[in-house]
Amino acid sequence: TQLLEQSPQFLSIQEGENLTVYCNSSSVFSSLQWYRQEPGEGPVLLVTVVTGGEVKKLKRLTFQFGDARKDSSLHITAAQPGDTGLYLCAERSGAQKLVFGQGTRLTINP
Amino acid sequence: ETGVTQTPRHLVMGMTNKKSLKCEQHLGHNAMYWYKQSAKKPLELMFVYNFKEQTENNSVPSRFSPECPNSSHLFLHLHTLQPEDSALYLCASSHLGGVEQYFGPGTRLTVT
Chain W
1 TQLLEQSPQF LSIQEGENLT VYCNSSSVFS SLQWYRQEPG EGPVLLVTVV
51 TGGEVKKLKR LTFQFGDARK DSSLHITAAQ PGDTGLYLCA ERSGAQKLVF
101 GQGTRLTINP
Chain X
1001 ETGVTQTPRH LVMGMTNKKS LKCEQHLGHN AMYWYKQSAK KPLELMFVYN
1051 FKEQTENNSV PSRFSPECPN SSHLFLHLHT LQPEDSALYL CASSHLGGVE
1101 QYFGPGTRLT VT
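Shown next as structure tokens:
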């Protein structure tokens, strides 16, 4: 089973700052998904990346898939308190199986 | 109701109790999933059901017994649990073969 490593585990920054979190694996991803989980809720899918080098944007969030498809990053510009949450990356392992990383717990302080 | 709902949201049970978690999806999906999310481990897939048939059991102990009476409902029957089973139990659904899974809010389970 592929292991996904996310870094950092915890990140606390001030509102307005920029940040980047990472998801890495020793193996090639078939595809990669990023989720955000807010306290008391289930994860919500943000994006799916499939092609090496792919860049997707979702408002202030920019997702990048490494050329070799072994790593991915999520960059947030001008972070806001509403961005607070647990950011999870996940890879499809088989037809319906998702393998998740441990997550990055992000806190944006007003 | 919309999306994926789970009840109860919180549950405290003793090790000798029997309880059930319920999940319902209102998205017209035909695949449903149980996941476990604990503090020290990544989110883990437990069971997968396609069209009411179990297609994946990720080496889950028999004290967890899933039931899927139809494509919209999924239960997790619990008995003789251990304190280390305390976790957030999440239900999800998707179209069969779909890349997107939609999660419910979870049941926070505490075993005393």
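Sequence lines, in order, name chains W and X. Numbering (the working numbering) for the first sequence: 1 to 110. Numbering (the working numbering) for the second sequence: 1001 to 1112. No residue lacks a Cβ here, since even glycine has one placed at the ideal position from N, Cα and C.
query                                                                                                                          : result
Three-state secondary structure (DSSP) of residue 1100/X                                                                       : coil
Closest Cα partner of residue 1002/X within the set 1012/X, 1027/X, 1022/X, 1011/X                                             : 1027/X
Collapsed DSSP secondary structure at residue 71/W in the structure displayed                                                  : strand
Inter-stretch contact at 8 Å, needing at least 3 Cβ pairs: the segment 1046-1062 of chain X / the segment 1002-1019 of chain X : no
Contained beta strand (DSSP E) runs [length at least 3] in the segment 1041-1073 of chain X, N- to C-terminal order            : 1044-1050, 1053-1057, 1064-1070
Beta-carbon spacing of residue 1029/X, residue 1086/X below 9 Å                                                                : no
Inter-stretch contact (C-beta, 8 Å, three-pair minimum) for the segment 37-53 of chain W and the segment 1089-1108 of chain X  : yes
Residue-level contact to chain X via CB, residue 31/W, 9 Å cutoff                                                              : yes
Proximity test, Cβ basis, 9 Å: residue 36/W and chain X                                                                        : no
Inter-residue CB distance, residue 81/W and residue 15/W (contact presumed, cutoff 8 Å)                                        : 6 Å
Per-residue contacts from residue 65/W into chain X (C-beta, under 7 Å)                                                        : Ordered by position in chain X, no residue passes the 7 Å Cβ test against residue 65/W, which lies about 14 Å from the chain.
Beta carbon proximity, residue 59/W to chain X, threshold 9 Å                                                                  : no
Straight-line gap, residue 1021/X to residue 67/W (C-alpha atoms, nearest Å)                                                   : 42 Å
Nearest-angstrom Cα separation, counted from residue 1037/X out to residue 103/W                                               : 11 Å
Cβ of residue 1116/X within 9 Å of any chain W Cβ                                                                              : Any answer about residue 1116/X is impossible in this case: the structure gives chain X only from 1001 up to 1112.
Residue 1099/X: contacting residues in chain W (beta-carbon distance under 8 Å)                                                : 31, 33, 48, 92
Contact set between residue 1104/X and chain W, taken where Cβ atoms lie within less than 8 Å                                  : 42
Local Cβ density within 10 Å of residue 1042/X, reported as buried at 16 or more and exposed below that                        : buried
Within-9 Å CB hit, residue 98/W to chain X                                                                                     : yes
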